[in-house]
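Notes follow the structure.
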Amino acid sequence: MLWWVDQLRATKRKKTESPFLFFSIALFLDVLIFVRGGEILDDLESDCFGRANQDSTFEIHTGVLLTAPSSLLETLPGIASLSQCISACESTRSCRALNYETELCVLFSTSATYEPDALSQSQFPVFTIYAQKICVRSSRSFCASSPTPWVFDIVMNHKLMGPEKLHRITLTREECMGLCISSSKFICRSVNFDVSSGSCSLLDVDRRSGVLKQNNGFEYIESKCISEPQLSLCKFKSIEDRMLKTMDSVHYKVKSLNDCKSLCIQKRCLSYDYKESGPEVCRLSYQSSLTLSHISSPYIDILGATTYELGACYNISVDCRDSYMIAKVRTNQMFKGKIYGMKRPNSCGLHIENQFNFSLQMEYNDIGCDVKEVQPGHFVSDVVLQHHSTIVTNSDISLKVRCNYDLLNRTVNNQDTFNVDGELGETAEAEQTIIHSPNVSMRITDRQRRDVTAAKVGDHLALTFRIETNEMKNHYEIFVRELVAIDGLDSSEIILIDELGCPMDVSIMSHVKQVNGSAQTLQADFDAFKFPTSDTVQFRALVTPCIPRCDPIVCNLGYPMYSYGKRRRRRETVEGSTPENEVLVGGKIIISDRFESNEEKSEESTQLLGGQPYRCLDAFGATIGGGAFLFTQMIFVAGILYFHVKRKGYSSRRDDGFANHPIRR
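Everything in the sequence shown is counted per full-length UniProt numbering, starting at 1 for the first residue and increasing by one.
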C-alpha cells in the first residue's frame, strides 16, 4: 500500500500523467472493495441490515436435505439439539443454512434461497431437518415468547384443508409470514402460500387440527410464534413398538419416565421416548404422527419400544357467580366433542364444534347438573370432557370444580381446581358371547389373547377372531369388516371398522392384523371405552371365510398399513373362492370408567360428594355386631347339618358346575 502512495507522490512531483499507473491503482481499489465489500454485504444480509423492520429468524423443513459441498462451513458432531445447531449457525458470521440429524449438525454458507436446486428429499434411513435464515418483519418483537428458535415450519408442495380467516396477495412469502405473526383479530396458526400468484391465506388451525394434502405450487407455513397460556393438564398416548427416526433433542441423566414427560411439557415438545437409546436417555421431538404425515416412514419398528405422543393440553378455570358457576376450558388443540356433568350427560351438557375455548354454566342446587352444596357456601360438581361424540375413551378427563363462598364475610373465592385419578376403581364385570356357527368366534381379550373378566376405560384390550373347527382350519382364512360397537340400551352405536375393513379412527380401534402370521386368527387392538349412559359395550362384526387365502387391504392411516378386512367381493370376480355365508359374530363387555375413583379418593376424605359422612364404629358397636354375626353363622351351620341328615347323599350327587357349561346359540 505504501508503494502505491509513493508512486502517487512521485507522479505529482513530476507533473506527469501515467495511464498505466492510474489503471493499476483503480484495479487495486476495485479488488479491495470486492473482497471487503463482499464480507460486509454478507454481514449486512445475514442480519437483515437495511430492510425496514426486518428481523433475522429461522424456518425449518423436515425430511429435506441441502447438498452444497463447496459451501460447507463446518460439521459439528455431538450437538444434542436442533436449537443448539441453530445457535451455532447464528453465531457464525457466514452461515445461512444447516442440516440436522440426531446429534449431527452441518453448517453452510449458502441456502435454498440462493441455490434452490441444492434442496432434495431426505427420508431414508432417517429423515433430515433443514433450517435456513430468513428476514421477516418484526419477528423478534412478535415472537419473543416463542418456545423454539425457529419461527416457521414449512412443508413444500402441500396445503392445509380448512376455511381461511384472511386472504391477501403478497409480493413475497416473507411478507405473508409477517401478516400471520402480526395478526391481532385472531390467532394465526398457519398459512397456505401460493408461490406463483403470491396468494396468502391465513388460518386459525394447524396440522394437529386440520388435514394436510399434497398440492404442487403451494407452501404450507406453520407458525411457532404463538403465545399459549400455561397449560396445567396434558394427555399423552403411547405408540407401541415404534420410535421416531430423528429427534430434535437428546437429554442425558434423566432419572425417570415422569421426569422425561415433565421435560417434554416444559419444552412444549410433541413426542418423547425414554431409555430407548440408552439408560437415562430422554429424547424429545417437536414433531408427531400428525405433523409428519408428509414423511413416508417417520418411525422405526422396534419390538418393545414406546413413543409417547402429546394429545391435548388444558387450562381450567372456574368463574363463581351469585347463583351459578362457570367451568372455563382453554386447550392447545381444537376440541370437538362434549362437555357435561358426570352424572347428568343428557340434561347438563354442550356439544362443542371445533373450539379452542369453551365453557359450561351450572346452576347451584340444580338437579339437572348435579351441583351439590357439600357444606354451607361450598359447591362442588364433576365435569367430563369427552372427545368423541358418542363414547368415553381414555383420552377423556374428569374435572372437579368448586366454588367456595365465605358466608360470614360475603366474599367470593374463585378456585382453579381439578382432579384426575388414573388408578383403578371398582371391579368391573365382563362376559362374552361366542357364535359358533359357522365355526368362527370373536372373543374379548387382553393383548396376549387371554379372556378378560374385568375392564376399565383405557385398559389395553383386543378383539380376537378365530376359525374354531380344527378339520377346516387349514382350508380357510378370514377377514373382518363392518365392526360396530353398540351401547347396552341399543340406542347408540359407532362404526369401528368400515365396510372396506379399515379402522375409522385408529385412536379407538387399530387395524386388523394376523396372529402368528396366519389369517386364521385375527386380532384388533383397542383401549377400553364406554358410552356415557351405559356401562355395557356390545360388539358386532361381519367375518367372511375365504379360500385359499384372504388378501389384506392397504389402509391409509397416515402411513401405509395392511388390514385383514375387505369389502365383499362381487360374486363374478371371485367365483368359487369366497363362500356365500358371512358370519355375524358378537360379544359384550361391561366397562366402568376411571372417573368413579375420583369420588372415592377425593381429598375430601371425611365427606362423601353428596354430603353423607362416613361413620366409624366404637368398641361397643363392634362387639354387638360381632356377636350377631357369630349367632347367624351358628344358625346357618345347624341348617346345613339338618338337611344333610334328612337327605343324605343327595348333595354329593348335585352338579354345581353349571356355570362351566357353554351356552350355544
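Idealized CB from N, CA, C, for every residue including glycine.
Asked	Found
Backbone CA spacing between Ile86 and Gly341 [nearest angstrom]	48 Å
Residue nearest to Asn258 in terms of C-alpha spacing, selected from Cys234, Arg242, Cys320, Asp366	Cys234
Close Cβ partners of Glu240 (< 7 Å) along its chain, the five nearest in sequence each way excluded	Thr306
Beta-carbon spacing of Met442, Gly587 below 8 Å	yes
His452 classed as buried or exposed, judged by whether at least 16 other C-beta atoms fall within 10 angstroms	Checking the sequence, you will find Val at residue 452 rather than His. The residue in question, Val452, is buried, as its Cβ has 16 or more Cβ neighbours within 10 Å.
Candidates Gln266, Leu500, Leu160, of which the one nearest Val211 by Cα	Leu160
Within 8 Å, strictly: CB atoms of Arg96 and Thr110	yes
The stretch 132-141 / the stretch 202-216 touching (three or more Cβ pairs under 8 Å)	no
Cutoff 8 Å: Val281 Cβ touching any chain D Cβ	In summary, chain D is missing from the structure at hand, where a single protein chain is found.
Straight-line Cα distance separating Leu500 from Asp527	22 Å
Identity of the residues DSSP links to Gln121 by a beta bridge	Val64
Cut-off 7 Å between Cβ atoms - residues of its own chain near Ser277, not counting five sequence neighbours on either side	Arg283
N-terminal and C-terminal residue of the alpha helix (DSSP H) that Ser262 is part of	257-267
Cβ neighbour criterion (16 or more within 10 Å) applied to Pro125	exposed
Member of Ile169, Ile60, Gly217, Ser183 whose CA lies at the smallest distance from the CA of Phe152	Ile60
Other residues of its chain near Lys224: CB distance less than 6 Å, five sequence neighbours each side excluded	Ser146, Thr148, Val151
Beta-ladder partner(s) of Leu360, from DSSP	Ala327
Exposure of residue 666, with buried meaning 16 or more beta-carbon neighbours within 10 Å	Shown here, the chain extends from 1 to 665; a query on residue 666 therefore has no answer.
Continuous alpha helix (DSSP H) assignments of at least 4 residues falling wholly in the stretch 81-128	82-90
Where Gly38 falls, given that 16 or more other Cβ within 10 Å makes a residue buried	Caution is warranted here: a pLDDT of 42 is assigned to Gly38, below 50, making its placement in the model unreliable, and the coordinate value is therefore given only provisionally. Result: exposed.
Three-state secondary structure assigned by DSSP to Leu233	strand
Three-state class that DSSP yields for Phe142 in the structure shown	helix
Reduced DSSP secondary structure (H/G/I, E/B, other) of Arg283	strand
Which of helix, strand or coil DSSP assigns to Gly377	coil
Ala485 - partner residues in DSSP beta bridges	Ile494, Phe539
Cβ distance (whole Å) where Lys456 is taken to contact Ser238 below 8 Å	In fact, because the Cβ distance is near 17 Å, the residues do not count as touching under 8 Å.
Near the ligand COA: Cys85 beta-carbon under 7 Å from a heavy atom	The ligand COA is absent from the structure shown, which contains no ligand whatsoever.
From Ser120, Glu222, Leu73, residue whose alpha carbon lies closest to that of Cys105	Leu73
Local Cβ density within 10 Å of Ile302, reported as buried at 16 or more and exposed below that	exposed
C-alpha gap between Val250 and Thr128, whole angstroms	16 Å
Given 8 Å, three or more beta-carbon pairs between the stretch 392-401 and the stretch 314-330	yes
Which residues DSSP lists as bridging Gln523, in chain order	Thr464, Lys513
Assigned secondary structure, Ser71 (DSSP; H/G/I helix, E/B strand, else coil)	helix
Residues of its chain near Ser395, where Cβ-Cβ distance is below 8 Å and the 5 sequence neighbours each way are ignored	Lys235, Lys237, Gly311, Ala312, His387, Ser507
Between the CA atoms of Thr57 and Ser91 - distance to the nearest angstrom	13 Å
Same chain, Cβ closer than 8 Å to Glu103, neighbours up to 5 away in sequence not counted	Pro77, Gly78, Ile79, Ala80, Val250
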